[in-house]
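Enquirer: Pasting in a structure now, in structure tokens, and then I'll have a few things to ask.
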Amino acid sequence: AGNGALVQAPVLDWATLNANTGFSGADLAKDRPLRAVAALPLHTALVLSLRAAGSDDFVDAVGETNALSGGNGNANGSIIGEARGGANRCKLTVADIVRLQSALRCDLFEAPSEQATEFMSAKRASRAVAASSRMVDEVVERLETDVAAQTLLIPVQGAGNSELRRVSARHAASLAGRAVGFTLSGVGVGESLEKRFEALAAALSELPWQKLRVVGGTGSPVEVLEGVRLGIDVFETSYPFDMAEDALALRISSNRPKLNLREKRYHLDRGSLVPGCRCEACASGFSRAYIHHLHNVHEMLGTTLLAIHNLYEYWTWYEQLRQSIRHSQFPVFASNYYSAASESITD
Numbered sequence: 019a020g021n022g023a024l025v026q027a028p029v030l031d032w033a034t035l036n037a038n039t040g041f042s043g044a045d046l047a048k049d050r051p052l053r054a055v056a057a058l059p060l061h062t063a064l065v066l067s068l069r070a071a072g073s074d075d076f077v078d079a080v081g082e083t084n085a086l087s088g089g090n091g092n093a094n095g096s097i098i099g100e101a102r103g104g105a106n107r108c109k110l111t112v113a114d115i116v117r118l119q120s121a122l123r124c125d126l127f128e129a130p131s132e133q134a135t136e137f138m139s140a141k142r143a144s145r146a147v148a149a150s151s152r153m154v155d156e157v158v159e160r161l162e163t164d165v166a167a168q169t170l171l172i173p174v175q176g177a178g179n180s181e182l183r184r185v186s187a188r189h190a191a192s193l194a195g196r197a198v199g200f201t202l203s204g205v206g207v208g209e210s211l212e213k214r215f216e217a218l219a220a221a222l223s224e225l226p227w228q229k230l231r232v233v234g235g236t237g238s239p240v241e242v243l244e245g246v247r248l249g250i251d252v253f254e255t256s257y258p259f260d261m262a263e264d265a266l267a268l269r270i271s272s273n274r275p276k277l278n279l280r281e282k283r284y285h286l287d288r289g290s291l292v293p294g295c296r297c298e299a300c301a302s303g304f305s306r307a308y309i310h311h312l313h314n315v316h317e318m319l320g321t322t323l324l325a326i327h328n329l330y331e332y333w334t335w336y337e338q339l340r341q342s343i344r345h346s347q348f349p350v351f352a353s354n355y356y357s358a359a360s361e362s363i364t365d
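With the sequence shown counted from 1, adding 18 to any position gets you our numbering.
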């Protein structure tokens with residue numbers, strides 16, 4: 019499960035059950051995530067999230083009526099999930115997914131949707147938005163009113179198309195009384211930052227501010243700062259881990275926000291990863307030269323140590339961000355970041 023970075027929601031950890039966590043459609047249908055759920059630490063917000071595109075397990079939609087499918091498609095209002103490698107294909111209808119939520123009792127439940135992407139034609143993206151709206155309607159119809167109001171997140175689709183985002187957001191807003199909030203899905207799949215922020219702004223302008231607003235697929239400091247400015251409450255992201263896999267150590271509030279430990283300059287650098295950092299990787303004395311070596315020989319420990327550091331650095335920065343929001347100092351906080359990092363929104 020992935021940790022999400024929370025800005026204003028009073029939750030410590032955010033764990034999402036979806037295809038990217040390694041669970042397939044077949045696993046979900048057989049309630050196999052239950053063992054993983056039991057192993058989660060206390061104070062973790064568990065989120066059930068199934069989307070059709072953008073993962074290996076829940077494949078793209080080509081059907082017409084609420085149909086999410088692969089291959090030749092279907093018209094039965096179902097998601098076809100398959101384990102990695104293409105085996106164990108399994109249909110999951112909207113009814114199945116609602117029953118799964120009833121069994122798991124996740125803290126938050128994102129209604130299934132067809133994820134529109136920047137790589138789709140306008141006509142196909144429009145069909146994806148329409149199919150998502152129909153599935154949301156069915157979920158709302160099947161969920162008990164009090165359960166939906168406490169747990170349901172309504173997806174807003176549309177990729178980088180501002181008009182499609184508005185259409186999807188208006189439909190979602192019409193159901194606001196039956197949901198705890200909204201997820202802005204299909205973000206970060208091919209669109210430019212400028213186009214992404216325009217589409218998010220269009221969608222958010224249609225959504226009630228009193229409800230929780232969640233976005234996935236973003237996570238860089240620039241994206242987070244602009245997202246907060248637009249009114250995003252929660253960012254579900256793997257950004258610290260993605261940076262670790264690329265051998266990048268985060269130093270967010272500095273004039274050099276990332277260190278590339280694959281660079282040859284570090285092969286004899288005996289200094290600590292980030293001087294003054296109190297994360298376990300830095301406090302244990304692992305040098306830049308050692309982590310440089312680990313990454314060059316493709317040793318998993320190198321990624322692990324950077325993930326430990328990056329997550330600590332990321333959470334520390336988020337706590338500073340929360341404090342700036344609480345004390346009405348967010349514009350100053352954002353300005354200081356851009357001054358230190360010499361970044362702009364269009365970088």
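For each residue, glycine too, the CB sits at the ideal point set by N, CA and C.
Just so you know, these numbers come straight off a predicted model, no measurement behind them.
Using CA atoms only, rank isn't needed, just tell me which of Tyr257, Leu161, Gly320, Phe253 is closest to His310.
Expert: Gly320
Enquirer: Helix, strand or coil, according to DSSP, for Asn278 in the structure here?
Expert: Strand, per DSSP.
Enquirer: Can you tell me where the alpha helix (DSSP H) with Thr201 in it begins and where it stops?
Expert: No alpha helix (DSSP H) holds Thr201; the beta strand (DSSP E) holding it covers 199-202.
Enquirer: Does DSSP classify Thr111 as helix, strand or coil?
Expert: strand
Enquirer: What first and last residue would you give for the beta strand (DSSP E) that runs through Phe253?
Expert: 252-254
Enquirer: Go ahead and pull the three-state DSSP assignment for Pro130.
Expert: strand
Enquirer: Where does Pro2 fall in DSSP's three states?
Expert: Beyond the ends of the chain as shown, which are 19 and 365, falls residue 2; an answer cannot be given.
Enquirer: For the alpha helix (DSSP H) containing Val315, list its first residue and its last residue.
Expert: Taken as a continuous stretch (DSSP letters only), Val315 belongs to no alpha helix (DSSP H), as it is neither H nor E.
Enquirer: Applying the criterion that 16 or more other CB atoms from any shown protein chain within 10 Å of the CB defines a buried residue, is Ile343 buried or exposed?
Expert: exposed
Enquirer: From Phe215 to Gly245, what distance separates their C-alpha atoms?
Expert: 8 Å
Enquirer: Would a C-beta distance cut-off of 8 Å place Arg306 and Leu268 closer than the cut-off?
Expert: no
Enquirer: Pick out whichever of Glu159, Arg117, Gly178 has its Cα sitting closest to the Cα of Ser139.
Expert: That would be Gly178, whose Cα lies nearest to the Cα of Ser139.
Enquirer: Which residues in the same chain as Leu312 place their Cβ atom closer than 7 Å to its Cβ, once the five residues preceding and following it in sequence are excluded?
Expert: Leu319, Gly320
Enquirer: Taking the alpha carbon of Val65 as the reference point, which residue from Gly294, Glu254, Thr334 has its own alpha carbon closest?
Expert: Glu254
Enquirer: Do you know whose CA, among Gly237, Ala194, Gly199, Ala187, lies nearest Ala219's CA?
Expert: Per the Cα distances, Ala187.
Enquirer: On a CA-only basis, which of Gly235, Ser210, Leu248, Gln133 is nearest Pro226? Give me that one, please.
Expert: Leu248
Enquirer: Give me whichever residues DSSP pairs with Ala299 in a beta bridge.
Expert: Note: Ala299 sits in no beta bridge, so no partner.
Enquirer: May I ask which residues mark the beginning and end of the alpha helix (DSSP H) holding Leu248?
Expert: 239-248
Enquirer: Which of helix, strand or coil does DSSP assign to Leu170?
Expert: strand
Enquirer: Give me, in chain order, the residues of the same chain whose beta-carbon lies closer than 7 Å to that of Leu222; leave out the 5 immediate sequence neighbours on both sides.
Expert: Arg231, Leu248, Gly249
Enquirer: In the structure shown, what three-state DSSP assignment does Ala140 receive?
Expert: helix
Enquirer: Based on the DSSP output, what are the partners of Asp234 in its beta bridges?
Expert: Position check: residue 234 holds Gly in this sequence, whereas Asp was assumed. DSSP lists Glu254 as partners of Gly234.
Enquirer: So, at 6 Å on beta carbons, what are the nonlocal neighbours of Gly234 in its own chain, with the 5 sequence-adjacent residues on each side left out?
Expert: Glu254
Enquirer: Expressed to the nearest angstrom, what Euclidean distance is found between the alpha-carbon atoms of Ala217 and Ala265?
Expert: 31 Å
Enquirer: How far does the alpha helix (DSSP H) with Ala359 in it reach, from first residue to last?
Expert: 348-359
Enquirer: Per the DSSP calculation, Ser67 is bridged to which residue(s)?
Expert: Note: Ser67 sits in a beta bridge opposite Glu128.
Enquirer: When the distance is taken between beta carbons, is Glu298 closer than 8 Å to Ile326?
Expert: yes
Enquirer: Note down, in chain order, each residue of its chain lying with its Cβ closer than 7 Å to the Cβ of Lys213, except the 5 sequence neighbours on either side.
Expert: Counting only residues of its own chain and dropping the five nearest sequence neighbours on each side, Lys213 has a CB closer than 7 Å to the CB of Gly178.
Enquirer: Cβ atoms of Gln168 and Glu132: under 8 Å apart, would you say?
Expert: Going by C-beta atoms, Glu132 is not nearer than 8 Å to Gln168.
Enquirer: I'd like the list of long-range same chain contacts for Leu323, defined as Cβ closer than 7 Å, with 5 residues on each side in sequence excluded.
Expert: Once the five neighbours on either side are set aside, the close Cβ partners of Leu323 are Ala299, Phe304, Ile309.
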